[in-house]
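Chains as they are written, first to last, in my numbering: chain C, 880 to 1048; chain H, 125 to 311. Read the structure below first, then the notes.
Structure below.
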């Protein structure tokens, strides 16, 4: 089961089941081909392409106030680049920004904190320090966490980060 | 050059039920000049006003959204011009209060103060309409048309400080006010 592929269609299905209709995105090599490109073609989703990840945090927050659920699809490097917006807009602003973050270069089956790559190792500790809930989505059964994570974020008015541990197919 | 508070008063007189996203000094003045449940001031980080406004505009296409941005703030999020133009937010009016300084952060001049063209940035990004105003009468006469046009529209307001208004960062960044705004929007 550990090696069962992560299916992009399952992720998209669960994202929709969570009530998400807006996807705010910057391309990430882990998710571009099988998640973002199909989402761009999906008539049930509106994709808003942003130029920088921190913009996306604020777009999602504006959508929240407007009564819409959104997903922010980015790469972990963009997450690290956006820590001040995560702090000020998402956490202190109590905005339920739902991040889906590709862990580019993570070794399959290796926990992010044990990756050989420094940037990947620090992601979860940084989120823990900021008090931001996070979930690893790497195995096929992990897609079951998506609806709960998104619902929980909106119930708590707090951000949540779903870390995509391998390229979905 | 227009006094900023006089400029905002012109907008306040024309305002109906538009959402107004305001940042920094313009926000400090706006909440006194045009108190309303449709004011949104919790932007959380410098430069982010235009991006919050885009989310509101996309989520509520039935309402017009006006953002009172700053020049230093917009320089911090110039990519948002491309994002907004690409999203085609017809209901978004993006006003930039160009005072040439980081007023809230000590009055240090912005880079190339007075020499960059915010309307030029916006046109190059794809905003279909842009305006510049440096005289209050022109702004007063032009605003009605702007509030009826399809956007996104960028309006560069050449301003300088006017009267002093009390700073109230607690109010600007109050979750309670933001929640009241959110609930008002869902009525």
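Glycine included, each C-beta is placed from N, C-alpha and C at the ideal position.
In its chain, beyond the 5 residues on either side, 202, 205 have a beta carbon closer than 7 Å to the beta carbon of residue 245 of chain H. Within the segment 959-1026 of chain C, the runs of alpha helix (DSSP H) at least 4 residues long that lie entirely inside it are, in chain order, 997-1000, 1002-1009. Taking residue 991 of chain C as the centre and dropping the five residues before and after it, the same chain places the C-beta of 982, 985, 999, 1000, 1002, 1003, 1015, 1042, 1044 closer than 8 Å to its C-beta, in chain order. Within its own chain, the residues whose Cβ lies closer than 6 Å to the Cβ of residue 251 of chain H, once the five positions on either side in sequence are excluded, are 209, 276, 278, listed in chain order.
The residues 905, 932, in chain order, have a CB closer than 7 Å to that of residue 957 of chain C in the same chain once the five nearest residues on each side in sequence are set aside.
For residue 234 of chain H, there is no enclosing beta strand (DSSP E), as DSSP gives it neither H nor E.
DSSP lists C:925, C:949 as the beta-bridge partner residues of residue 901 of chain C. In this structure, residue 976 of chain C places its C-beta atom within 9 Å of the C-beta atom of residue 939 of chain C.
Restricting attention to H:142, H:151, H:130, the CA atom closest to the CA of residue 294 of chain H is found in H:151.
Counting only Cβ-Cβ distances below 7 Å, residue 978 of chain C has no contacts in chain H at all, with the closest Cβ about 15 Å away. Counting C-beta atoms within 10 angstroms of its own C-beta, residue 1020 of chain C has fewer than 16 neighbours from the protein chains shown and is therefore classed as exposed. A Cβ-Cβ contact shorter than 9 Å links residue 126 of chain H with residue 284 of chain H. The closest CA to that of residue 180 of chain H, considering only H:243, H:259, H:165, H:289, is found on H:165. Residue 194 of chain H sits in a strand when the DSSP states are folded into three classes.
Distance from the Cα of residue 888 of chain C is smallest, within the candidate group C:979, C:1037, C:936, C:914, for C:914. Exposed is the label assigned to residue 185 of chain H, since fewer than 16 other Cβ atoms lie within 10 Å of its Cβ. For residue 944 of chain C, the secondary structure class from DSSP, reduced to helix, strand or coil, is helix. In summary, the residues of the segment 941-974 of chain C whose CB is separated from some CB of chain H by less than 7 Å are 941, 942, 944, 945, 946, 947, 963, 964, 967, 968, 971, 972, 973, in the order they occur in the chain. With respect to chain C, the C-beta atom of residue 296 of chain H has no partner C-beta closer than 9 Å. In this structure the segment 933-952 of chain C lies against the segment 963-977 of chain C, because at least three pairs of beta carbons, one per stretch, are closer than 8 Å. At a Cβ-Cβ threshold of 9 Å, residue 146 of chain H and residue 163 of chain H count as neighbours.
Pairing residue 1007 of chain C with residue 993 of chain C, the inter-Cα distance amounts to about 16 Å. Taking 9 Å as the CB threshold, residue 934 of chain C lines the interface with chain H. In this structure, residue 143 of chain H places its C-beta atom within 9 Å of the C-beta atom of residue 188 of chain H. In this structure, DSSP gives residue 210 of chain H a helical state, which the three-state scheme calls helix.
Within the segment 182-204 of chain H, 182, 183, 184, 201, 203, 204 place their CB atoms closer than 8 Å to a CB of chain C, listed in sequence order.
In the three-state reduction of the DSSP assignment, residue 164 of chain H falls in the strand class, which pools E and B.
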